[in-house]
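Enquirer:
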Amino acid sequence: MLQTVQTYYIVFGLFALIGGVLGYVRAKSRPSIIAGVITCALLIVAAILGPSQPSFILAILVSVLLIAHFGRTYWAKRRPMPAIPMIALSVICIVLTLVAWLR
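Under my numbering, the letters of the sequence shown match residues 25 to 127, in that order.
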């Protein structure tokens, strides 16, 4: 289970990076690429830290911040992309992390 969670952190981080790059390419949004790089880096750090309390807290914190940001964006603009996928990936991350943490 713990290796699955670490792998998910890496995959989720790469999705965030790809989303940031797409946001930059499509809208020339520097905040998108900066946020994508930072999110990717933090999730990869959480994966590298391994099954420990700091890595779980870091992953949950990143996911909660992404839910808050994309939830606010979706509420304001009513556009499902990229808000809905990022919210879903963040919720999955929180659930997987909590299950691994409580084991």
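Backbone N, C-alpha and C define an ideal beta-carbon position, used for all residues, glycine too.
As the structure is a prediction and not an experimental result, all values here were calculated from the model.
(1) How close, in whole Å, do the beta carbons of residue 68 and residue 37 come, if the pair is a contact with beta carbons under 8 Å?
(2) Are the CB atoms of residue 76 and residue 117 within a distance shorter than 8 Å?
(3) Helix, strand or coil for residue 109, going by three-state DSSP, please let me know.
(4) Give the DSSP-derived three-state secondary structure of residue 60 in the structure shown.
(5) Residue 127 by DSSP, collapsed to three states: which one?
(6) Got a sec? Which residues, its chain only, sit under 8 Å from residue 121 by beta carbon, not counting five neighbours each side?
(7) Note down the Cα distance separating residue 104 from residue 89, rounded to an integer number of angstroms.
Expert: This is what the structure gives:
(1) 5 Å
(2) Not a contact, by the Cβ cut-off of 8 Å.
(3) In this structure, residue 109 counts as helix in the three-state DSSP scheme.
(4) helix
(5) Coil at residue 127, not helix or strand.
(6) Taken in chain order, the residues that qualify are 29, 80, 83, 84 and 87.
(7) 18 Å
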